[in-house]
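Numbering (my numbering), first residue to last: 15 to 181.
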């Protein structure tokens with residue numbers, strides 16, 4: 015089918031498509047935009063339409079898929095806008111100065127609590143915190159793996175008790 019003939023044939027279905035588009039958008043202007051986009055896609059993919067099949071159904075499918083794709087894109091765009099609004103520069107400056115001071119106090123308290131741990135608990139805990147696996151710590155300290163797990167557990171428990179104000 016030539017483009018001019020195809021264009022005039024799809025224009026016959028415009029009134030039915032307007033009702034269908036309005037049922038999606040609930041706004042006349044948005045419905046007109048959706049119809050226009052549907053017609054553009056139909057013209058672009060006219061070679062995929064098989065003569066003798068249901069043209070109105072084909073156009074409905076294009077419209078529905080176009081609406082769904084636009085809705086998904088709008089949803090993603092709104093999420094990006096919402097997350098950037100939360101991170102305005104004046105908010106970041108205010109929070110970063112406050113967080114820097116708080117972080118320094120917390121860091122000092124953590125170091126004091128670590129200094130109070132017995133060396134038997136401190137060494138396995140620090141190794142674990144640095145990313146070593148239980149079996150690696152056990153091999154390095156020449157102690158059973160169960161002992162490593164117990165000492166790390168006890169170190170956590172003691173630190174949690176000393177730092178409960180930050181809980």
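Note that beta-carbon positions come from the ideal geometry of N, C-alpha and C, so glycine has one too.
Fair warning: this is a prediction, and the values are worked out from it, not measured in the lab.
- Burial of residue 77 is indicated by the presence of at least 16 other C-beta atoms within 10 angstroms of its C-beta.
- In the structure shown, the three-state DSSP call for residue 156 is coil.
- In this structure, the straight-line span from the alpha carbon of residue 177 to that of residue 133 is close to 19 Å.
- Residue 169 places its beta carbon less than 8 Å from that of residue 139.
- Restricting attention to 51, 88, 24, 92, the CA atom closest to the CA of residue 68 is found in 24.
- DSSP places residue 40 outside both helix and strand once states are collapsed to three, so it counts as coil.
- Counting along the chain, residue 134 sits inside the alpha helix (DSSP H) bounded by residues 133-143.
- By the Cβ test, the stretch 85-93 is not in contact with the stretch 55-65, since fewer than three Cβ pairs between them sit closer than 8 Å.
- When the beta-carbon positions are compared, residue 81 and residue 54 stay at least 8 Å from each other.
- Residue range 17-25 is occupied by the alpha helix (DSSP H) that includes residue 24.
- Judged by DSSP in its simplified three-state form, residue 172 adopts helix.
- Annotated three-state conformation of residue 66 is coil, per DSSP.
- Taken through DSSP and simplified to helix, strand or coil, residue 48 comes out as helix.
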